[in-house]
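Student: Structure in structure tokens, see below.
Residue numbers (this note's numbering), protein chains in the order written: chain A, 1 to 139; chain B, 1001 to 1139.
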């Protein structure tokens, strides 16, 4: 299990990057556009410390953007995502977003902090019971 | 500059650790009690990935606890805290909590995310203009 990033949602991407890069001194590692809910996602890190990242998410839709708080989630990579989710479920945790795509899941703490879990090495073949399991909570 | 931790405030420490340790599989690295605003602070990390930590803060006072949201801040260590804060100020950033103690400062992004900055190697001698500078914002 390895820490990946803490994600924040921002209301103004240019102003956000002016702070994170221009003031705080982080560097941009990569960026891409989300498709389901159109957004721009930028990954940042301190120079020389690229393994611990900040994910900055900026939604293109004004309503979507305004509805989101500034903190989003904390992400970890795990060796076996299906086994981790099965273990979490057995222990009574809420799998807010099951790993339907074989790659990504969300689980929530009792205080409502969202943890994103990624399959190390990339997506696996979709498998039951996850592939047909609906979301259990907001994530 | 190096990533240290993401901090969350919890309403029930036992229930929180039952999730973070008992369900998610993180391990406890250290804990101590805060004094100014009495609280218990526990540092957690994934086994083998101890450099990227989660700080869990639990206030003893019911009112203090209830008034706090679940997300708190993201922390980095810097080589020269005074130089970093001077640079941030020169660039127009809000030094919410100046490094009066020579060790710790808080700066806020335009979206209200708090970043904690620590002096690498431990506290330095208090120095102006920081030693007498009041807080500039909540942090």
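In this text, a Cβ means the ideal position worked out from N, Cα and C, and glycines have one as well. Quick caveat: nothing in here was measured; it's all calculated off a predicted structure.
Name the chain A residues that come within less than 9 Å of residue 1022(B), Cβ to Cβ?
Tutor: 91
Student: Closest to residue 42(A) by C-alpha separation, out of 49(A), 35(A), 53(A) and 36(A), would be which residue?
Tutor: 53(A)
Student: Please state the DSSP three-state secondary structure of residue 49(A).
Tutor: strand
Student: Is residue 1(A) helix, strand or coil by DSSP?
Tutor: coil
Student: Out of curiosity, what's the CA-to-CA distance linking residue 80(A) and residue 1045(B)?
Tutor: 18 Å
Student: Quick one: is residue 30(A) buried, meaning 16 or more other Cβ sit within 10 Å of its Cβ, or exposed?
Tutor: exposed
Student: Output needed for residue 1071(B): all residues of its chain with C-beta closer than 7 Å, excluding positions within five of it in sequence on either side, in chain order.
Tutor: 1008
Student: Report yes if the C-beta distance between residue 103(A) and residue 118(A) is below 8 Å; otherwise report no.
Tutor: yes
Student: If we require 3 or more residues per run, which beta strand (DSSP E) segments fall completely within the stretch 52–118 of chain A?
Tutor: 71–78, 94–97 and 104–108
Student: In its own chain, which residues sit with a C-beta less than 6 Å from the C-beta of residue 38(A), not counting the 5 before and 5 after it?
Tutor: 60
Student: So which residues of chain A does residue 1041(B) contact, with C-beta pairs closer than 7 Å?
Tutor: Correct list: empty, because the minimum Cβ distance to chain A is about 15 Å.
Student: Any C-beta of chain B sitting closer than 8 Å to the C-beta of residue 66(A)?
Tutor: no
Student: Quick test of your reading: residue 101(A) and residue 1002(B), contact by CB under 8 Å. State the CB separation rounded to the nearest angstrom.
Tutor: Going by Cβ atoms, the distance from residue 101(A) to residue 1002(B) rounds to 33 Å, so no, they are not a contact pair.
Student: Look at the Cβ atom of residue 131(A), then the Cβ atom of residue 94(A), and state whether they are nearer than 8 Å.
Tutor: no
Student: State the DSSP-derived secondary structure class of residue 23(A), mapped to helix, strand or coil.
Tutor: Correct three-state label for residue 23(A): helix.
Student: When burial is assigned at 16 or more other CB atoms within 10 Å of the CB, is residue 28(A) buried or exposed?
Tutor: Per the 10 Å Cβ criterion, exposed.
Student: So who's on the other strand from residue 1030(B), going by DSSP bridges?
Tutor: 1043(B)
Student: Strictly by DSSP, which residues pair up with residue 1006(B)?
Tutor: 1054(B) and 1074(B)
Student: Does DSSP classify residue 14(A) as helix, strand or coil?
Tutor: helix
Student: On the CB-based measure, 16 or more other CB atoms within 10 Å of its CB, does residue 63(A) come out buried or exposed?
Tutor: exposed
Student: If you draw a straight line from the C-alpha of residue 97(A) to the C-alpha of residue 74(A), how long is it?
Tutor: Rounded to the nearest angstrom, the two C-alpha atoms are 14 Å apart.
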